[in-house]
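What follows is a short report on a single structure.
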DNA sequence: CTAGGGTTAG
């Protein structure tokens, strides 16, 4: 091949093949085939074609979805070299990628480096959603105020960034204020904003507010129904879940995996095995059988309903087991008196390289407690903070009090309570009271009873929302 | 830029 033909081939590949690569990349990313999208991008580079402003966003999006910050940073370099950084489509995808990879400061830097950012709603929106994802509530509010001061248009996506972080406990006051803003901007009936507000209320435990909003929403979509169903499920209102699920089906909506997750978890709580089995058949019928969320919920459902064999079969058949899958099966063995199996599984999980979280420790500690494996439980409790850096919460102390209490080691239980750094809750006093009853310790029982009667407030710290001024009718929109 | 999900003692 002569120099001339080489050059010709090169030119042809960069000019005529570029649109083809872009199309393939876009299609892969839009189908959520992110690994494929990234490998297409690499193929493209190797073939000599040069990426452009229509290439980068899809590659960057794929990094964000796969949580690959290092590849993301490399893409940032490529963007810089090709001079596409000022393209809003490219810039917003980079900001979003940094936000999703928890590199929010990089996102901010990118936003600040481009003076054009402060004129565009989409740039603000991408940074807002990054702050929201990283629970940086104050930054969200400050940025929103800045938008209003500069007169940048506010749209539904802006409000999503504002509403999302209000679902975390303690932010409900701000959330209600934000809801007011949505109404004033006429965006509360925007379906995504409405769904987001609904989720915010149910996550804050304000299930009645959520239901009111749900009933008022004029155009309820599948996501709306799912948000309400899962809201009930997360608040332990399992009967409401089944009722609403029935209503949803009667209205002709077809459930998707998210619907069925909430329904299955409620079946688990109610011990409603027959409904659970019906859901399992539906899963198979709709082709959701390999959904890991649904399989975790299914393992939990069978375990809680007492069918440990079925739970174990599903668990064993799962190709990828997360800490949630392990927690479900460990808890299942634990609550049915097979603490030895639960402990073995817990150790097997650790040997397999899965890091236990606070919930996994709750399930193994309670398994030890039920099976009388007192010292084993004490070992786990010790290792929890020392080895895994997990600070025990009230729920862990409750398990420990239960564990020590059942073993008759009431003084140790008492000492443990006295040494606690977290506030005791009703469950802890209940566990102590139960132990006192078994071991006939009247004096300690009196104390436990007294304490268990104290109302344990849910620690709802309200933001006053005074950072936000009332919106003027003449600004924005 | 873009709304909804699984596991947790008593």
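Numbering (UniProt numbering), first residue to last: 1 to 477.
All residues carry an ideal CB built from backbone N, CA and C; glycine is no exception.
Note that the coordinates shown come from a computational prediction; the quantities given were computed from them, not determined experimentally.
Just curious, the alpha helix (DSSP H) that residue i is in, first and last residue?
i, result
"residue 321", "Here residue 321 belongs to no alpha helix (DSSP H), and DSSP marks it neither H nor E."
"residue 292", "292 to 304"
"residue 113", "104 to 113"
"residue 165", "Premise fails: residue 165 is in no alpha helix (DSSP H) and is neither H nor E."
"residue 286", "273 to 286"
"residue 384", "374 to 388"
"residue 263", "257 to 270"
"residue 206", "Where residue 206 is concerned, there is no enclosing alpha helix (DSSP H), given that its DSSP letter is neither H nor E."
"residue 347", "339 to 351"
"residue 181", "172 to 184"
"residue 95", "88 to 100"
"residue 434", "426 to 439"
Please state if the CB of residue j and the CB of residue i are separated by a distance shorter than 8 Å.
i, j, result
"residue 367", "residue 333", "yes"
"residue 308", "residue 326", "no"
"residue 370", "residue 381", "no"
"residue 34", "residue 65", "yes"
"residue 445", "residue 437", "yes"
"residue 311", "residue 331", "no"
"residue 71", "residue 50", "no"
"residue 103", "residue 69", "yes"
Quick one: residues in its chain with C-beta nearer than 6 Å to the C-beta of residue i, no 5 flanking neighbours on either side, listed in chain order?
i, result
"residue 267", "275, 276 and 301"
"residue 420", "397"
Quick check on this structure: which residue in the options has the alpha carbon closest to the alpha carbon of residue i?
i, options, result
"residue 107", "127, 117 and 120", "127"
"residue 101", "86, 82 and 132", "132"
"residue 376", "365, 386 and 327", "365"
"residue 115", "91, 237 and 184", "91"
"residue 448", "414, 420, 45 and 423", "414"
"residue 123", "135, 134, 147 and 142", "147"
"residue 440", "329, 94, 237 and 408", "408"
"residue 271", "299, 43 and 79", "299"
"residue 373", "400, 355 and 394", "400"
"residue 284", "255, 240, 305 and 444", "255"
"residue 390", "290, 355, 454 and 416", "355"
"residue 246", "175, 157, 228 and 42", "228"
"residue 185", "168, 167, 174 and 156", "156"
"residue 306", "319, 278 and 269", "269"
"residue 67", "419, 378 and 98", "98"
"residue 236", "244, 265 and 419", "265"
Can you say whether residue i is buried or exposed, counting buried as having 16 or more other CB atoms within 10 angstroms of its CB?
i, result
"residue 76", "buried"
"residue 466", "Because residue 466 sits at a pLDDT of 36, beneath the cut-off of 50, its placement in the model cannot be relied upon, and the point is left open."
"residue 411", "exposed"
"residue 57", "buried"
"residue 259", "buried"
"residue 226", "buried"
"residue 280", "buried"
"residue 458", "Its pLDDT being 44, under 50, residue 458 is placed unreliably in this model, and the coordinates cannot settle the point."
"residue 181", "buried"
"residue 262", "buried"
"residue 392", "buried"
"residue 19", "exposed"
"residue 79", "buried"
"residue 402", "buried"
"residue 32", "exposed"
"residue 363", "buried"
"residue 94", "buried"
"residue 117", "buried"
"residue 144", "buried"
"residue 42", "exposed"
"residue 398", "buried"
"residue 454", "exposed"
"residue 183", "exposed"
Going by beta carbon distance, what residues of the same chain come within less than 7 Å of residue i, once the five residues before and after it are set aside?
i, result
"residue 434", "405"
"residue 22", "54 and 55"
"residue 140", "128, 131, 132, 161, 162 and 165"
"residue 37", "25, 28, 29, 58, 59 and 62"
"residue 253", "222 and 225"
"residue 324", "296"
"residue 7", "Confidence in residue 7 is poor, its pLDDT being 46 and thus under 50, which makes the residue's placement unreliable; the coordinate value appears in the next sentence. Nothing listed; no residue qualifies."
"residue 189", "218"
"residue 293", "257 and 261"
"residue 10", "With a pLDDT of 45 at residue 10, under the threshold of 50, the modelled position of that residue is not reliable, and the figure given next carries that caveat. 48."
"residue 125", "157, 158 and 161"
"residue 168", "135"
"residue 475", "Confidence at residue 475 is low in this model, with a pLDDT of 38, below 50, so its placement is unreliable and no value can be given for it."
"residue 120", "88"
Give every residue of the same chain whose Cβ lies closer than 8 Å to the Cβ of residue i, excluding the five residues on either side of it in the sequence, and list them in chain order.
i, result
"residue 231", "198, 199, 201, 202, 203, 207 and 210"
"residue 213", "194, 197, 198 and 201"
"residue 3", "Any reading at residue 3 is ruled out, since the residue's pLDDT is 47, under 50, leaving its predicted position unreliable."
"residue 248", "225, 229, 255 and 259"
Can you determine whether any heavy atom of the ligand MG sits closer than 7 Å to the C-beta of residue i, and answer yes or no?
i, result
"residue 178", "Looking at this structure, you won't find the ligand MG or any other ligand, since it has none at all."
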